[in-house]
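So the structure is just underneath, and the comments pick up after that.
Protein chains: 2
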Amino acid sequence: VLGLEAVLANGEVYSALTPLKKDNRGFDLKQLFIGSEGTLGLVTAATLRLLPALAERRVIWAGVESIQAARRLLVHCETAVGGALEGFEVVPDGSLQAVFDYAPDMRHPLEASHPWYALIEVVADAAEADSLGERVEAMLGEAFEAGLLDDAVIAANETQAEAFWGLRETVPMAERTKGPAKQHDISVPVESMPDFVTEASGTLEAAFPGCEAVAFGHLGDGNVHFHIMAPAGVDGPAWEAGDGKKITAMVHDLVTQWGGSISAEHGIGQLKVDELARLADPAALTLLRAVKAALDPQGLLNPGKLVP
Amino acid sequence: VLGLEAVLANGEVYSALTPLKKDNRGFDLKQLFIGSEGTLGLVTAATLRLLPALAERRVIWAGVESIQAARRLLVHCETAVGGALEGFEVVPDGSLQAVFDYAPDMRHPLEASHPWYALIEVVADAAEADSLGERVEAMLGEAFEAGLLDDAVIAANETQAEAFWGLRETVPMAERTKGPAKQHDISVPVESMPDFVTEASGTLEAAFPGCEAVAFGHLGDGNVHFHIMAPAGVDGPAWEAGDGKKITAMVHDLVTQWGGSISAEHGIGQLKVDELARLADPAALTLLRAVKAALDPQGLLNPGKLVP
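What follows is the structure, given as structure tokens:
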């Protein structure tokens with residue numbers, strides 16, 4: 007976001023649409039509006055930076071023995087191709103099996119099952135498109151030699167690349183059909199995510215017997231969708247109102263202990279405003295409330311959201 | 007900046023040092039402190055992202071016919087090598103001559119003089135180091151063929167690369183020895199900078215006969231150092247207090263008309279706080295004052311700076 011225009015609670019229009027690469031007239035005022043969910047002003051226009059279209063991509067489906075192994079493979083790929091690593095997603099074998107149960111015409115990319123899978127996308131702009139295949143093969147060859155993956159296949163064409171992404175994108179729907187679950191949109195520091203998933207899954211499954219923890223998603227960004235599936239045969243709404251609420255509180259407690267966020271992608275809104283009040287750094291709440299009171303003293307803008 | 011710790015005016019400590027790649031718990035609170043010049047809190051720690059060391063660079067000194075031509079060359083280089091373009095500086099011939107007057111042992115990189123020069127640096131990390139020379143030669147070859155530059159030389163080694171940068175870095179000192187001048191740290195949108203320099207130079211030299219406008223610096227970032235040299239023979243302090251003040255006001259008026267910033271790099275402090283009050287978007291001043299009053303109601307933190 008290079009520039010913004012926003013209407014303030016007092017009716018003034020903040021206008022900063024002209025993009026400047028360097029500007030040091032104090033702190034960056036437009037950051038007040040980005041992510042504030044309409045609580046500080048109404049954004050009416052924005053200037054965005056555009057990037058050249060990508061010319062080429064390679065999509066890889068790799069089998070690894072654990073989410074820790076997936077993390078080691080991620081670090082290797084980052085070192086090998088740097089910013090060209092566009093995506094690194096993880097899927098546990100249970101979720102892939104759920105996809106095949108839900109969509110029987112989908113095909114397993116590898117000959118055998120592995121405990122975890124990594125979906126890797128590497129991209130190139132026009133200037134680097136010619137050498138992309140070579141660089142990706144070198145990256146995977148070194149990973150094999152270093153024992154960082156058990157098996158992998160590079161999509162032979164765009165149809166196959168889309169099919170690999172289709173497996174990943176079908177996971178949420180396939181998981182939902184398995185029964186009631188509490189879903190959590192969380193992040194922790196990228197390097198902590200594998201151990202967080204292992205430890206939090208163990209803690210939750212011990213505290214709520216019969217539940218199953220499932221994590222999948224954006225390992226490269228340090229955030230995953232962390233689902234806790236209800237025990238078989240429970241009544242969905244009753245479970246969600248009872249154990250489900252306790253489970254979410256425990257997930258949020260654990261995330262906070264690991265220095266993470268209870269909202270990686272989807273914001274606070276009204277759903278998480280009480281949890282934000284319960285778990286946020288007290289000084290962060292001071293700042294949030296002070297800025298809200300200063301810019302919207304009458305509480306006109308999106309009341310009840312974000313600011314506890 | 008991935009994380010910050012800051013002491014607030016009420017003594018609370020805002021602690022957000024843990025880096026999270028994705029976090030959507032409202033707007034980004036740490037942005038309140040970045041660039042606020044200590045007026046909203048005392049920053050006591052920060053988490054910074056580190057980048058791999060660069061393995062290789064190529065430094066080029068190119069002659070072009072105008073600052074507009076330099077801009078066309080910049081766009082060509084950005085297209086050719088993308089993010090590998092680490093620096094693109096412009097120096098007018100008059101400033102290069104001032105460097106030779108000031109430091110007679112320095113050498114002109116080209117055989118003849120040109121109206122403007124571009125100092126270009128292209129970099130590579132270890133993975134791309136081998137092909138850097140080839141890519142830079144292709145970039146310059148295409149520029150020659152397209153008539154985007156008149157002459158250019160690639161530094162043969164690090165010593166020569168340092169010598170090219172030495173010319174650029176000696177400009178401020180060489181210009182200062184020529185006599186009194188008003189210096190301005192300004193930015194406008196990157197694509198407007200050449201026309202801004204041409205038009206603002208003409209306007210100022212017409213309004214203040216005998217003065218000379220000199221612009222040099224970071225064309226790739228849309229900001230230049232814009233100096234207005236006093237007429238020969240004037241008394242420095244008297245000129246600075248009289249015409250010098252009017253010149254600065256006119257520069258700031260012009261920058262504001264072009265949608266730019268009166269402080270590209272060096273902040274507002276107390277030197278520019280009155281000019282900020284005179285020229286900033288009124289709603290921006292509302293936001294600045296409201297946030298300051300909310301976070302530091304007693305005005306304890308760096309009083310008199312930044313907030314008019």
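Protein chains in written order, with my numbering: chain A, 7 to 314; chain B, 7 to 314. Glycine is no exception: its CB is placed at the ideal position from the N, C-alpha and C atoms.
Query: Residues near A/E211 in its chain [Cβ-Cβ closer than 8 Å; skip 5 each side]; Result: C217, E218, A219
Query: Beta carbon of B/A221 nearer than 8 Å to that of B/F232; Result: yes
Query: Sheet register partners of A/K188 (DSSP bridge); Result: A/I234
Query: Local conformation of B/A244 per DSSP, three classes; Result: helix
Query: Residue-chain proximity (B/N30, chain A), Cβ-Cβ < 8 Å; Result: yes
Query: Close-in-space but distant-in-sequence residues of the same chain around A/T53 (CB under 7 Å, 5 per side omitted); Result: L8, G9, L23, P25
Query: Proximity below 8 Å, CB of B/R63 to CB of B/E127; Result: yes
Query: B/I66 - partner residues in DSSP beta bridges; Result: B/I126, B/I160
Query: Burial state of A/D111 (16 or more Cβ within 10 Å); Result: exposed
Query: Beta carbon of B/L2 nearer than 8 Å to that of B/G69; Result: Examination of residue 2 of chain B is not possible in this model, given that chain B is present from 7 through 314 alone.
Query: Residue interval of the alpha helix (DSSP H) (run including B/F202); Result: 199–213
Query: Nearest-angstrom beta carbon gap, B/M199 and B/G228 [assumed within contact, 8 Å]; Result: 5 Å
Query: Interface residues of the segment 220–238 of chain A facing chain B [CB-CB below 9 Å]; Result: H224, G226, D227, G228, N229
Query: Reduced DSSP category for B/A5 - H, G, I as helix; E, B as strand; rest coil; Result: One cannot answer for residue 5 of chain B here, as it falls past the ends of chain B, which runs 7 to 314.
Query: Own chain partners of B/P288 with C-beta closer than 6 Å, once the 5 adjacent residues on each side are dropped; Result: none
Query: Beta-carbon spacing of A/K27, B/V96 below 8 Å; Result: no
Query: Interface residues of chain B facing A/F202 [CB-CB closer than 8 Å]; Result: Here the premise fails: no neighbours, minimum Cβ distance about 12 Å.
Query: Sub-8 Å separation of B/L293 and A/L38 beta-carbons; Result: yes
Query: Whether A/G275 touches A/K311 by CB criterion (8 Å); Result: yes
Query: Limits of the alpha helix (DSSP H) - the one that A/P288 falls within; Result: 288–301
Query: Burial state of B/K36 (16 or more Cβ within 10 Å); Result: buried
Query: A/F222 (DSSP reduced to helix, strand or coil); Result: strand
Query: Cβ contact (3+ pairs, closer than 8 Å) linking the segment 131–141 of chain B and the segment 69–82 of chain B; Result: no
Query: Neighbour flag for A/H272 against chain B, beta carbons, 8 Å; Result: yes
Query: Positions along the segment 18–44 of chain A whose CB lies within less than 8 Å of some CB in chain B; Result: E18, V19, Y20, S21, A22, T24, P25, L26, K27, K28, D29, N30, R31, G32, F33, D34, L35, Q37, L38, F39, I40, G41, S42, E43
Query: CB of B/K188 within 8 Å of CB of B/G250, strictly; Result: yes
Query: Span separating the alpha-carbon of A/Y20 from that of B/G305; Result: 24 Å
Query: Option in B/N16, B/A152, B/D29, B/V13 with minimal Cα separation from B/C83; Result: B/A152
Query: Expected contact under 8 Å - CB spacing of A/W3 and A/S72 to nearest Å; Result: With chain A represented from 7 up to 314, any question about residue 3 of chain A goes unanswered, as that position is not in the structure.
Query: CB of A/G32 within 8 Å of CB of B/G93, strictly; Result: no
Query: Chain A contacts made by the segment 121–135 of chain B, where a contact means CB separation under 8 Å; Result: D131, A133
Query: Burial state of A/V257, where buried means 16 or more other Cβ atoms lie within 10 Å; Result: buried
Query: Straight-line gap, B/A299 to B/D259 (C-alpha atoms, nearest Å); Result: 28 Å
Query: B/K3 to B/H190 span [Cα, whole Å]; Result: A question about residue 3 of chain B goes unanswered here, because the residues of chain B that appear run from 7 up to 314.
Query: Exposure label - B/V81; buried when at least 16 CB within 10 Å; Result: exposed
Query: Bridge partner(s) assigned by DSSP for B/Y20; Result: B/A12
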